[in-house]
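Quick note: the sequence shown uses full-length UniProt numbering, first residue 1, plus one each step.
Just below is one structure, and these are the notes that go with it.
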Amino acid sequence: MAQEATFTNSIGMEFVLIKPGKMVVGKFQPTVSPYVGPQPGQDREFLPPAAYKEAKEMAAAAAMPGFTVSLDCPYYIGKYEVTQEQWEKVMGSNPSFFKGDKVAGDAGKHPVGNVTWKDARKFIKKLNKLDKQYTYRLPTEFEWEYAARAGTEDDIAWGEARAMGVISDTTTRAVGSKQPNAWGLHDMIGNVWEWVDDYYNEQIFADPVPPRKGTQHVLKGASFTGDAKNATYMTHAAGPGNGFDVGFRVVVEARP
């Protein structure tokens, strides 16, 4: 596959090239503001200095240095979440709850929802039979998060979450309704939760190696039901089944 910055496949799915790089995962550095005692003219209670000292000690104990993840190979990831229209082209059905007159505008442009991890894999299996030029798969958790962060070390800020994500809403929205991230990817926050390939690892920040087996898979990115303060690229949720706000996007690579 030529290393073009973007390309579109035979059913209209658009992909963006993600180049190799590194990121720090699981870094958590809580801070406590410096102690400020009572000020002249202020008539309110202040915590004693000992309380601030205790808070700083607790923050230091909770801090985690994180670990570095290297993405050594380039890959293409969906510019958007898989849409209802694309799902229907491949599967001949539409499991989504938010379709037809339940949404404004063209429901086909909304992300497919109500999808289990196994459903996503079935879609990918059929897509691989339809398009023999490429190999499609779910992204790994680290591929997903690296693409979502788009070269930044920090997680998304609250203001950015509102500009870039369909959150605090009552339905899904057409993919691409919000601003893309720095690498041109849309809806990495909000709209629908997204399946990744990995089994859920409760201790991921202590042991970053994905389990080889399990009963639950990982969901990333939050959904339209979330709010700004909980919209985070780092969110590592377990998902045993489906939900009206659960979908996915895919990674594509050249066939050997």
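Ideal Cβ placement from N, Cα and C applies to all residues, glycine included.
Report the partner residues of residue 18 according to the DSSP bridge assignment.
BP columns for residue 18 point to 75.
Inter-stretch contact (C-beta, 8 angstroms, three-pair minimum) for the segment 218-230 and the segment 190-199
As far as the Cβ criterion goes, the segment 218-230 touches the segment 190-199, which means the pair count is three or higher.
Taking 9 angstroms as the cut-off, decide whether the C-beta atoms of residue 181 and residue 148 are in contact.
Residue 181 is a Cβ neighbour of residue 148, given a cutoff of 9 angstroms.
So that I know if they touch, is there some Cβ in chain D lying closer than 9 angstroms to that of residue 190?
Structure shown: chain D not included; a single protein chain is present.
So the beta strand (DSSP E) residue 245 belongs to, where does it begin and stop?
Per DSSP, residue 245 belongs to no beta strand (DSSP E) and is neither H nor E.
Under 7 angstroms Cβ to Cβ from residue 177, same chain only, skipping five residues before and after it: list those, please.
Here the set comprises 166.
Round the Cβ separation of residue 244 and residue 98 to the nearest angstrom and send it over; I've been treating them as touching at under 8 angstroms.
Confirmed, about 7 angstroms.
Through-space distance from residue 92 to residue 199, alpha-carbon basis:
Whole-angstrom Cα-Cα distance: 28 angstroms.
Can you tell me which of 5, 23, 25 puts its alpha carbon nearest to the alpha carbon of residue 16?
Per the Cα distances, 5.
What first and last residue would you give for the beta strand (DSSP E) that runs through residue 4?
Looking at the DSSP string, residue 4 is not in any beta strand (DSSP E), and its letter there is neither H nor E.
Taking Cβ to Cβ, would you say residue 145 is nearer than 9 angstroms to residue 75?
Taking 9 angstroms as the Cβ cut-off, residue 145 and residue 75 do not qualify as a contacting pair.
By Cβ distance, which residues of its chain are closer than 7 angstroms to residue 109, with the 5 residues on each side in sequence left out?
Closer than 7 angstroms at the Cβ level, and outside the excluded window around residue 109, lie 83, 85, 174, 175.
Note down the Cα distance separating residue 137 from residue 101, rounded to an integer number of angstroms.
So the alpha carbons of these two residues sit roughly 31 angstroms apart.
Let me check one thing: in DSSP terms, what residues is residue 188 bridge-paired to?
Residue 188 is not bridged to any residue.
Is residue 10 buried or exposed, if buried means 16 or more other CB atoms sit within 10 Å of its CB?
Exposed: under 16 other Cβ atoms inside 10 Å.
Spatially closest choice to residue 87 from 77, 67, 113, by CA coordinates
Considering only alpha carbons, the answer is 113.
Identity of the residue in 168, 107, 89 nearest residue 130 by Cα:
Answer by Cα proximity: 89.
Using DSSP with H/G/I as helix, E/B as strand and the rest coil, what is residue 30?
Annotation note: pLDDT 47 at residue 30 (below 50); position unreliable, no value reported.
Please state the DSSP three-state secondary structure of residue 224.
Residue state, collapsed to three classes: coil.
Starting from residue 166, trace the alpha helix (DSSP H) both ways and give me its first and last residue.
Run containing residue 166: none; DSSP gives neither H nor E here.
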